[in-house]
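Structure first, commentary second.
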Amino acid sequence: HTLLAKNNRLGGPSSLPKGLGQAPLARSLRVLNLSGNRFAEVPPALLQLRGLRSLSLGGNRLHGIPPDIQELHSLEFLYLGGNFITAIPPELAKLPSLRYLVLCDNKIQSIPPQLAQLHSLRSLSLHNNLLTYLPREILNLVHLEELSLRGNPLVVRFVRDLTYNPPSLQELAGRTVKTRNVPYTPSDLPESLVRYLSLASNCPNPKCGGVYFDSCVRQIKFVDFCGKYRLPLMHYLCSPECSSPFSSASQSSTSQSESDSEDEASVAAHRMQKVLLG
Amino acid sequence: FRYTRNLVDNGNGKFNLMILCWGEGHGSSIHDHTDSHCFMKILQGNLKETLFEWPEKKGNGEMTKKSERVLRENQCAYINDSIGLHRVENISHTEPAVSLHLYSPPFDTCNTFDQRTGHKHKVTMTFYSQFGERTVCVSTRRDASH
Numbered sequence: 038h039t040l041l042a043k044n045n046r047l048g049g050p051s052s053l054p055k056g057l058g059q060a061p062l063a064r065s066l067r068v069l070n071l072s073g074n075r076f077a078e079v080p081p082a083l084l085q086l087r088g089l090r091s092l093s094l095g096g097n098r099l100h101g102i103p104p105d106i107q108e109l110h111s112l113e114f115l116y117l118g119g120n121f122i123t124a125i126p127p128e129l130a131k132l133p134s135l136r137y138l139v140l141c142d143n144k145i146q147s148i149p150p151q152l153a154q155l156h157s158l159r160s161l162s163l164h165n166n167l168l169t170y171l172p173r174e175i176l177n178l179v180h181l182e183e184l185s186l187r188g189n190p191l192v193v194r195f196v197r198d199l200t201y202n203p204p205s206l207q208e209l210a211g212r213t214v215k216t217r218n219v220p221y222t223p224s225d226l227p228e229s230l231v232r233y234l235s236l237a238s239n240c241p242n243p244k245c246g247g248v249y250f251d252s253c254v255r256q257i258k259f260v261d262f263c264g265k266y267r268l269p270l271m272h273y274l275c276s277p278e279c280s281s282p283f284s285s286a287s288q289s290s291t292s293q294s295e296s297d298s299e300d301e302a303s304v305a306a307h308r309m310q311k312v313l314l315g
Numbered sequence: 553f554r555y556t557r558n559l560v561d562n563g564n565g566k567f568n569l570m571i572l573c574w575g576e577g578h579g580s581s582i583h584d585h586t587d588s589h590c591f592m593k594i595l596q597g598n599l600k601e602t603l604f605e606w607p608e609k610k611g612n613g614e615m616t617k618k619s620e621r622v623l624r625e626n627q628c629a630y631i632n633d634s635i636g637l638h639r640v641e642n643i644s645h646t647e648p649a650v651s652l653h654l655y656s657p658p659f660d661t662c663n664t665f666d667q668r669t670g671h672k673h674k675v676t677m678t679f680y681s682q683f684g685e686r687t688v689c690v691s692t693r694r695d696a697s698h
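In order, the protein sequences belong to chains G and F.
Letter by letter, the first sequence follows residues 38 to 315 in our numbering.
Letter by letter, the second sequence follows residues 553 to 698 in our numbering.
Right under this line is the structure:
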C-alpha cells in the first residue's frame with residue numbers, strides 16, 4: 038500500500054510507468070512519497086492512483102499543480118512544500134477528504150477563494166511564499182486547526198488603487214447563467230465551459246446575491262485579532278457598484294477594524310486567532 | 553500536523569527533559585524561555601535556529617534577525633532570555649528531525665512573537681505525550697508547542 042521513493046533522481050519522462058493507471062496498484066496504493074526528486078511537473082500517470090490517501094512531492098522542481106489533481110479524490114494528505122509553485126488551481130478545492138495541505142516554501146502569490154471549499158481541511162501550511170493578502174473566504178474553513186503564514190510579504194497598511202479588470206463576455210454570460218438559473222446539462226456545453234461554470238463564487242454582499250468568476254473588485258480589509266495580529270483579507274465584490282457588507286465611507290483602516298467586530302467575519306476571525314501559527 | 557513535545561523526565565520538579573519530533577516543514581514560532589536555561593541536542597536530521605533581538609518596548613516594526621545556523625545531528629545549542637529569542641525549524645522537505653531539550657527550571661508558559669511587528673502573546677505549552685503516554689489536550693485556548 039505504501040511506496041517510498043524519496044531522494045532519488047526521478048523526474049524524467051519515463052520516471053513512472055505509463056500503465057500505472059491500469060495496474061492493480063492504481064486501486065491499492067495508499068501512500069506515495071516522491072519527495073527529494075527532480076519532478077518538474079506532477080507526472081500524469083500519478084493522477085490515476087484513485088486510492089491514494091497520502092502524496093508527497095516535497096523538494097522537487099514543480100512549477101505548478103495540474104487541475105487534474107482533483108482526480109485523486111481519496112487524498113487526505115498532500116505535501117508540496119519546497120517547490121517553485123506560483124499558483125494554485127481552484128480544482129484543488131475539489132478534493133473532499135483533504136485534511137492536511139502543505140504549500141510552504143514555494144512562490145505562490147495568491148490563494149484562490151475556492152480553496153475555502155475544502156471542508157475537511159485541518160491544517161494549511163503557507164509559510165515562505167509571496168502572498169500579500171488572503172481571500173476573506175479563508176474564514177470559512179471552519180475545521181481548520183492550523184494555519185502558517187510567516188515569511189509572506191503580507192500587506193500591513195491599507196492598499197489603495199487596486200485595479201479592476203472589467204468582465205469578459207464569457208464572464209458576463211456565465212454570471213447570467215448562474216444568477217438566472219439557466220438550466221444546462223454537461224451535454225449542452227463543452228467540458229471546459231461546464232468546468233468554468235462550476236467555479237462561480239458568490240458575491241459576499243448579502244444584498245447582491247450575484248456571482249463572479251475572474252473579474253471582481255478587490256478591496257483589502259484588515260481583520261484584527263484583538264489588536265495584536267492584523268491579517269489582510271481580500272474581499273471580492275462582483276462590481277465597483279456593489280458595496281461591501283463591511284464598508285463605510287472612510288478609507289483609514291485603523292478605525293475600520295473596530296466596525297468589523299459586529300460582523301460574522303469577526304466570529305470567524307476569533308476562531309482563526311486560535312489557529313494561526315507564528 | 554505540528555511538531556510534538558514529548559516529556560521524558562521531570563527531574564523531581566527541577567527540570568523538564570523532552571523529545572521534540574519535527575515533521576517535514578514544521579517550525580516553531582519565535583519565542584522566549586521564561587528565564588530558564590535551555591539546552592537542545594539534535595538526535596536525528598537537522599534543525600535551523602534563527603536568533604532574534606528582543607523587540608523594542610514600543611516596537612512596531614519587523615523584528616531584527618541576529619543570526620541563523622543549521623544544527624546537524626549530535627550538535628548542541630543553548631539559549632536563555634539574555635541571549636535573545638529564537639525560532640527553530642525543520643527546513644527539510646524530505647526528512648523528519650528529532651531533538652532533545654532540557655529546560656531548567658521547568659516552565660509551561662512563554663511568549664510568542666510576531667516577526668512582522670514584534671508584538672508578543674503569552675501562550676501555554678502542552679505536551680503531546682508524557683513518559684510514553686499520549687496526553688489528551690483539554691485546553692481551548694490557543695497553545696504553542698515549545
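The beta-carbon is built from N, C-alpha and C at its ideal position, and this holds for glycine as well.
As the structure is a prediction and not an experimental result, all values here were calculated from the model.
Quiz prompt | Residues of its chain near N562 (chain F), where Cβ-Cβ distance is below 7 Å and the 5 sequence neighbours each way are ignored | solution = N568, P658
Self-check item: Nearest-angstrom Cα separation, counted from L623 (chain F) out to A63 (chain G)
Solution: 40 Å
Quiz item: Buried or exposed: which applies to F604 (chain F), given that a residue is buried once 16 or more other Cβ atoms fall within 10 Å of its Cβ?
Solution: Classification of F604 (chain F): buried, given that the 10 Å Cβ count is 16 or more.
Practice problem: With DSSP as the reference, label G565 (chain F) as helix, strand or coil. | Solution: helix
Quiz prompt | T616 (chain F), DSSP secondary structure in three states | solution = coil
Self-check item: Q107 (chain G) to L69 (chain G) span [Cα, whole Å]
Solution: In this model, Q107 (chain G) and L69 (chain G) are separated by some 16 Å (Cα to Cα).
Quiz item: So, helix, strand or coil for I175 (chain G), using DSSP?
Solution: helix
Self-check item: Same chain, Cβ closer than 6 Å to P81 (chain G), neighbours up to 5 away in sequence not counted
Solution: none
Quiz prompt | Under the three-state DSSP convention, the category Y680 (chain F) falls into | solution = coil
Quiz item: From G684 (chain F) to Y137 (chain G), what does the alpha carbon distance come to, in whole angstroms?
Solution: 26 Å
Quiz item: So, does the CB of I643 (chain F) fall closer than 9 Å to a CB anywhere in chain G?
Solution: For I643 (chain F), a Cβ of chain G is located within less than 9 Å of the residue's own Cβ.
Exercise. Run down chain F in chain order and give the residues with a C-beta less than 8 Å from the C-beta of G170 (chain G).
Key: It is Tyr, not Gly, that sits at residue 170 (chain G) in the sequence shown. Under the 8 Å cutoff, chain F gives no residues; its nearest Cβ is about 14 Å from Y170 (chain G).
Practice problem: Using a Cβ cut-off of 7 Å, pull out every chain G residue sitting near R554 (chain F), in sequence order please. | Solution: E183
Quiz prompt | Collapsed DSSP secondary structure at A237 (chain G) in the structure displayed | solution = coil
Quiz item: Looking at chain F, which residues of the region 39-68 of chain G have a Cβ within less than 9 Å of any of its Cβ atoms?
Solution: K43, N44
Quiz item: For R159 (chain G), which residues in chain B fall below 8 Å Cβ to Cβ?
Solution: Protein chains in the displayed structure are G and F, and chain B is not among them.
Practice problem: Take R87 (chain G) and list the residues in its own chain whose beta-carbon comes closer than 8 Å to its own, dropping the five residues that flank it on each side. | Solution: For R87 (chain G), where only same-chain residues beyond five positions count, the Cβ hits under 8 Å are A63, R64, E108, L109, H110, S111.
Practice problem: Quickly, what does DSSP pair E183 (chain G) with across the bridge? List them, please. | Solution: Partner(s): G:S160.
Quiz prompt | Contact set between the region 573-591 of chain F and chain G, restricted to residues whose Cβ is under 7 Å from the partner | solution = E576, G577, S581, I582
Exercise. With 9 Å as the limit, tell me which residues of the region 650-671 of chain F have their beta carbon closer than that to any beta carbon of chain G; keep them in chain order.
Key: T664, F665, D666, Q667, R668, T669, H671
Quiz prompt | Where A130 (chain G) falls: helix, strand or coil (DSSP) | solution = helix
Quiz item: By how many angstroms is the C-alpha of R90 (chain G) removed from the C-alpha of P61 (chain G)?
Solution: If you take the alpha carbons of P61 (chain G) and R90 (chain G), they lie about 16 Å apart.
Quiz item: So, are the CB atoms of L152 (chain G) and I125 (chain G) less than 9 Å apart?
Solution: One thing to note: L152 (chain G) has its Cβ within 9 Å of the Cβ of I125 (chain G).
Quiz item: Which stretch, first to last residue, makes up the alpha helix (DSSP H) that contains A63 (chain G)?
Solution: 62-65
Quiz item: If you follow the alpha helix (DSSP H) that K215 (chain G) is part of, which residue opens it and which one closes it?
Solution: 206-216
Practice problem: Could you work out which residues of chain F lie near V214 (chain G), taking near to mean beta carbons separated by less than 7 Å? | Solution: By Cβ distance, chain F contributes nothing, its closest Cβ being about 40 Å from V214 (chain G), past 7 Å.
Quiz item: Can you tell which of G:I102, G:L171, G:Q154, G:L92 has the C-alpha that lies nearest to the C-alpha of N239 (chain G)?
Solution: Each of G:I102, G:L171, G:Q154, G:L92 was checked against the Cα of N239 (chain G), and the nearest Cα belongs to G:Q154.
Quiz item: Helix, strand or coil for K55 (chain G) per DSSP?
Solution: If DSSP states are grouped into helix, strand and coil, K55 (chain G) belongs with the helices.
Quiz item: Helix or strand or just coil, what does DSSP make of Q288 (chain G)?
Solution: Bear in mind that a pLDDT of 33 at Q288 (chain G), under 50, signals an unreliable position, so the number given afterwards is only what the model happens to contain. Three-state result, Q288 (chain G): coil.
Quiz item: So who's on the other strand from F121 (chain G), going by DSSP bridges?
Solution: Beta-bridge pairing links F121 (chain G) to no other residue.
Quiz item: Run through DSSP, which three-state label would I106 (chain G) get?
Solution: Correct three-state label for I106 (chain G): helix.
Quiz item: Which word fits T39 (chain G), buried or exposed, when buried means at least 16 other C-beta atoms lie within 10 angstroms of its C-beta?
Solution: Burial call: exposed.
Quiz item: Of the choices F:Q627, F:T678, F:L595, F:H589, whose alpha-carbon is the least far from that of G636 (chain F)?
Solution: F:H589
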